[in-house]
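Residue numbers (the working numbering): -18 to 366. Just so it is clear, CB atoms sit at the ideal spot from N, CA and C, and this is done for glycine as well. Please read these numbers as outputs of a predicted model, since none were measured by experiment. Structure first, then comments.
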Amino acid sequence: MNMQAKRLPLFYVVTAIFWFALYAYVPYVSPYSELLGADLRLIGLIVGAYGFTQMAIRFPLGILSDRLGKRKIFVLSGLFFASLSGFVVFFFPHPYTMLLSRSLGGVAAASWVAFAILGASYYAPNEATKSMGYLNAANAAGRMVAFLAGGLIARLLGVPYAFLLSGIAGLIGLVAGMGIAEKRQDAKSPPRLADLLGVARNPGLLCTSFLAILSQYIMFSTAFGFTPLLAYGMGASPFVLGMLGLASAVPGLIVSPMAGTVLPQKIGARNTIVVGFAMAALGCVLIAFCSRVWHLFAVQVFISTGNVIAYTLLMGLSIKDIPGERRATAMGFFQAVYGLGMFLGPFVTGWLAHGFGLSVALPLTGAVGVLGIVAVFWFAGRGYV
């Protein structure tokens, strides 16, 4: 067994710590922003900033990673910025430092490109969807523990300490990440413009990227956006908000491995993605009928399960036919494009909620899931999915 394979467990542990650092405080972003004085439009911008910086950074980061032939340095940089995003709000609480924090969180999350390609390098090229399934399971495990620990800390010490917990976790991950093994590659010459445009024009990559926009639009409008604020308005305590976040992460741990392996084998890639979007769309509509916090828990699990099914498979399919030396560029493109959904989801929902209320704005998000179903059939009919 080579050194890289021996350190695969460490890589997954660091991956889990990375997402722990990014999500320990996420259930409190919208309620705490409101407490600090932000209105619904500013809250939408705060939540959306996480996706905006990813959208701006991920594609260039993927290109640079391929050019250097390195992934680990970007993984470590992501852990550093994840830590910084937690510390800035703890030490300087204000709506605009919250905006800065989520922007820094987006910078950190942009390194997910490097995590994904480094993770895929531990497997054979034809096992892309399998590697993404396991990687997303580590992602979900980190978020689950983050929501549980963040909820306990918020209950015992107060919401600001969930941000401090995030900062400390990022530093721990940074130290642990030093031990990650990476297969050495020869430094690449700067990619030619024609090569980059060729990657960006790949039909499969374009189709999966568009569908991922819709998936992230839903998730960042609901579980990572305004569902916690809706629960807060129903009287949910900080600990309960943390558990609501935990409910959104559980499906990722259970379903991610199956979404990249079992489900596509049993019902096909197209039908797997359709099932994911259908569940997410229906869950959004059901929000309109939620009058108790426990109703939101059930709906959150349902929406998250659908999103995990769709997103995990899309992530693997995005690089399935891309050569290894261009995979970080392709993954950077994929993740940069779906950052648009992370930004537009909470931004649009925030404006709609400002005018019509959350109980109207959130169910309208279900239309995005329906659009996803239509798009899947359209792309599949042309052999792109």
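- Looking only at S64, V69, M79 and G158, the smallest Cα-Cα distance to L57 is reached by G158.
- CA-to-CA, the gap between N183 and L42 works out to about 19 Å.
- Contact check for A5 and A150: beta-carbon distance about 6 Å, within the 8 Å limit, so the pair qualifies.
- Per DSSP, E163 is not a residue of any alpha helix (DSSP H), being assigned neither H nor E.
- Here the C-alpha atom of G233 lies approximately 12 Å from the C-alpha atom of M113.
- Straight-line measurement puts the Cα of V351 at about 34 Å from the Cα of G131.
- Rounded to the nearest whole angstrom, the C-alpha separation of V341 and E15 is 19 Å.
- Boundaries of the alpha helix (DSSP H) around H335: R308 to F337.
- Counting along the chain, the unbroken alpha helix (DSSP H) around M260 starts and ends at A250 to L267.
- The three-state secondary structure of I303, taken from DSSP, is coil.
- Under the criterion of beta carbons closer than 8 Å, F55 and V88 do not qualify as touching, at roughly 11 Å.
- Here I284 has I199, M200, T203, A204, S229, M260, A261, G264 and C265 as same chain residues with Cβ atoms under 8 Å from its own Cβ, once five neighbours each way along the sequence are excluded.
- The beta carbons of L339 and L244 sit no closer together than 8 Å.
- Note on geometry: alpha-carbon atoms of I194 and L321 lie some 6 Å from one another.
- In the three-state reduction of the DSSP assignment, N117 falls in the helix class.
- Per DSSP, M215 lies in no alpha helix (DSSP H) segment and is marked neither H nor E.
- A distance of 8 Å or more separates the beta carbons of L295 and L146.
- A direct Cα-to-Cα measurement between A309 and I(-2) gives close to 22 Å.
- Pairing Y31 with M323 gives a Cβ-Cβ distance under 8 Å.
- The beta carbons of G206 and V329 sit no closer together than 8 Å.
- G50 sits in coil when the DSSP states are folded into three classes, being neither helix nor strand.
- The three-state reading of DSSP puts G139 in coil, since its state is none of H, G, I, E or B.
- Secondary structure at G287: helix, using DSSP grouped into helix, strand and coil.
- Beta-carbon to beta-carbon, V274 and M312 are separated by about 37 Å, too far to satisfy the 8 Å threshold.
- Cβ contact annotation for T189 (same chain, cutoff 7 Å, sequence separation greater than five): L295, L298, S299 and F315, in chain order.
- In the three-state scheme derived from DSSP, where H, G and I count as helix and E and B as strand, C188 is classed as helix.
- Each of A2, Y(-7), Y142 and D47 was checked against the Cα of F73, and the nearest Cα belongs to Y142.
- For Y(-7), the enclosing alpha helix (DSSP H) has its first and last residue at L(-11) to Y4.
- The DSSP-derived three-state label of A19 is coil.
- Distance between L85 and P327, taken at the CA atoms: about 17 Å.
- Around the Cβ of G362, a 10 Å sphere holds fewer than 16 other Cβ atoms; the residue is exposed.
- For the options K111, V236, L26 and V7, the alpha carbon positioned closest to that of A127 is the one of V7.
- A distance below 7 Å between beta-carbons, with the five flanking residues on each side excluded, links A119 to the following residues of its chain, in chain order: Y(-7), T(-4) and A(-3).
- Collapsing the DSSP output to three states places F73 in coil.
- At the C-beta level, L129 and T208 stay beyond 8 Å of one another.
- An exposed status is given to D302, since fewer than 16 other beta-carbon atoms sit within 10 Å of its beta-carbon.
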